[in-house]
Structures are given as C-alpha cells and as structure tokens.
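Final position of the sequence shown in my numbering is 327; the numbers increase by one with none missing. The beta-carbon is built from N, C-alpha and C at its ideal position, and this holds for glycine as well. Since the model is a prediction, treat every value here as computed from it, not as a measurement. Below you'll find the structure, written out as structure tokens, and then a few comments.
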Amino acid sequence: MGKFNFNLNETRVDANGHYDFQNVFEFPDFIEMRPKLREAVRTVAREAFDQPVLPVKVERMTTSLEEQLERETRKYARQLGVYDNQKGERNELVRLYTHILQVISRTDNINEELEDMIYAINQTRLSLIGLPELEGEGELYDADQDQELIPGTYYYYVTEQLVKPYLIDPTGGMVPANVTKEGRHLVVRMTTYAYRDWDAYLTHEYDEQHIVKNQKGLQESEYFDKLEQIELKYADHIYSEVLADNFQDFTKILVPDVIPSFEIMSTDLRPLIAKRPGLKIQLAAKIADHFKLDADGKEHVMDQPLQEIKNKYRYYRENFA
Numbered sequence: 007m008g009k010f011n012f013n014l015n016e017t018r019v020d021a022n023g024h025y026d027f028q029n030v031f032e033f034p035d036f037i038e039m040r041p042k043l044r045e046a047v048r049t050v051a052r053e054a055f056d057q058p059v060l061p062v063k064v065e066r067m068t069t070s071l072e073e074q075l076e077r078e079t080r081k082y083a084r085q086l087g088v089y090d091n092q093k094g095e096r097n098e099l100v101r102l103y104t105h106i107l108q109v110i111s112r113t114d115n116i117n118e119e120l121e122d123m124i125y126a127i128n129q130t131r132l133s134l135i136g137l138p139e140l141e142g143e144g145e146l147y148d149a150d151q152d153q154e155l156i157p158g159t160y161y162y163y164v165t166e167q168l169v170k171p172y173l174i175d176p177t178g179g180m181v182p183a184n185v186t187k188e189g190r191h192l193v194v195r196m197t198t199y200a201y202r203d204w205d206a207y208l209t210h211e212y213d214e215q216h217i218v219k220n221q222k223g224l225q226e227s228e229y230f231d232k233l234e235q236i237e238l239k240y241a242d243h244i245y246s247e248v249l250a251d252n253f254q255d256f257t258k259i260l261v262p263d264v265i266p267s268f269e270i271m272s273t274d275l276r277p278l279i280a281k282r283p284g285l286k287i288q289l290a291a292k293i294a295d296h297f298k299l300d301a302d303g304k305e306h307v308m309d310q311p312l313q314e315i316k317n318k319y320r321y322y323r324e325n326f327a
C-alpha cells in the first residue's frame, strides 16, 4: 500500500490576498483521471453499506456522491471561502476526499499517472481545508436543486450570446421573462451540456446500440431504423466538442495576456471585458464560428451532423436492406 503525506503543499493566500484554490475537476488531465476517480467513488459507495446490497443501489449512490463531489467543490472554488453555516458541509466534503485518497492508495503499484491523480485530489482536499472564513451565510448543497449557469462564467457567456435572437427586448438581459419559449429551451439545453457527464452519456449510447445489435429476429430495415434513432438521439454529443474547442480558443485569447489562467466554471469574464472592450468582439467571433451562427445570430451546430446520420442510414437501407 502506498504511503503519502497528505498534509504537504497546503494552499495559502498570496501577497495580493488571492486564495489559490486548486480544483481537481479543472486539472488539464482530469479527463484521464475521471474513470479512476469514479471507480474510487464507487468503492466508497459500496463501503457505505453494512451488508451486501444490489448493484443498482451501489450505482445510485456512486452517481449521487460523484455529483455532490463536483458540485460542492466547484461551489467552494467560486466562493474562495467558507461561511460559518457551511463548515459542517465542507468538513464532510473533506472527509469524502480523504476516503477517496485512502481507496486510491490501496495498492503497491503506484505509477506516475496515479501519483498525479493523488496529488490533484489531495491539493483539492487541502484547498478545502484552508478556505478563508467568510462573513454571513452561504448556500448549502441540495441534490434536488436545479443546476444553473453561473453569471459571467464560460457557459453563461456563450449562452448569453446564443440566446440573443430569442430576447423579447434586445436591450434586456437573459432572464426568463425576457426570453421566448424557444430561447428558454436553448438555455435549458446549454445548462444541461454544462453539467453533463459526456463519458457516461456516450456509454448510454453504446449500451443502447449493443442491445439492438444483439436483438434477434430483426429485419435489416428494422435494424437500421433502430440504430438511426439511437444515433439521432445522441447526436448532440457534438456539443461537447464544440464547447471544448471554443473554450480552447477563449483560453488562447485570454491566457497569459489578460489573465494567468482561465477556469471554465469559475473565471468571471465580465470585469475582463469591461476593461478591454475589444475582447468582446474577439470572443463573439469565436462563438459565431464554432456554433455556426447565421445572419440572425441563430446557431446551427446540429444541421450537418443530423443530415449526415440520415444520409448514412438512407444509403444502408437502399443498398443493404
């Protein structure tokens, strides 16, 4: 079993009074870490039961813990502090990270990849422990609370531009009363994409495809129809690429000339744009390019992918059914 000093490199306030919160969910190689982190959370969930239970109960708790872990961590990363009424919640979150570290460390085969993961998780844990105290009261985690876009941050900023054609009063803000029904649907979609676990989303698609491919007695035309329906259903995974590519372009514009780092869920773009009006034009051009905005400002990300899927299955039916 690996032995680590989990108290090294605690987070401190710098000379300018800034608290450097290190968030595992924002580490550059977090995508590679996520499967191992999920497996560790699954172990934590399994160990929460005193006796063996059905696998589905373990999976439900795993999903719940994983969502809580990320949402609470991002909340404290945004706040850069902890309110008095949140200390119990913060301490429980620290204990969860500690348990995860203990699970991951239960091996003698500690390679460089695992060391990096342990470091990232532990830095997040230490960042939570060292949070400066804030005056007043803060929000507590509610698993049933609707997820919302955080004003000024990346997803909010992008959505704000995409929703412009749907504003009732073009000079007004992105608030429900000023957005048409179609525009509100767009905001809901973008909020979903902001918090969606794309890995799990694609896993669901593969599972559905696997069921169809192993279903007996299907005519060729039925087989292609079912596969086409699945691909059309999950075609919006293209947004994960569009949002990621657009974020990278934003980062190239902002880092390091404007800010030292750009975090997708916590960096507030509003004060940066207020100081540098030219930034708004640059960022708007990137959104227009990646989201394929037309002359009215409406996005057309899905047009080509949907048509390609339909063309592919039309060809299959004409030639193989």
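- DSSP links V185 through a beta bridge to L173.
- Sorting Y245, D203, L140, L260 by C-alpha distance to the C-alpha of D309 places Y245 at the top.
- Inter-residue distance for G87 and N317 is about 53 Å (C-alpha atoms, whole angstroms).
- Closest by C-alpha distance to G284, out of G303, L120, F27, V264, is V264.
- The alpha-carbon of E211 is positioned some 18 Å away from that of E65.
- The three-state reading of DSSP puts L140 in strand, counting E and B together.
- A contact is defined here as three or more CB-CB pairs under 8 Å, and the region 177–197 meets this definition with respect to the region 146–163.
- Counting along the chain, D255 sits inside the alpha helix (DSSP H) bounded by residues 244–260.
- Sorting N91, R77, D122, R101 by C-alpha distance to the C-alpha of L140 places N91 at the top.
- For K81 and G144, the gap between their C-alpha atoms comes out near 10 Å.
- Residue H296 holds the alpha-carbon nearest to the alpha-carbon of D251 among E237, L289, H296, D231.
- Put simply, of L137, G142, E76, G179 the residue whose alpha carbon is nearest the alpha carbon of V193 is G179.
- Judged by their CB atoms, V164 and G189 are not nearer to each other than the 8 Å cut-off.
- If you draw a straight line from the Cα of Y172 to the Cα of I293, it comes to about 16 Å.
- In this structure, V30 is the residue among K232, V30, T49, V261 with its C-alpha nearest to the C-alpha of L134.
- Sorting K258, F253, E214, E226 by C-alpha distance to the C-alpha of E237 places E214 at the top.
- Relative to D302, the option among Q167, S227, T273 whose CA is nearest is Q167.
- Between the region 117–128 and the region 70–81 there are fewer than three inter-stretch CB-CB distances shorter than 8 Å, so the stretches are not counted as touching.
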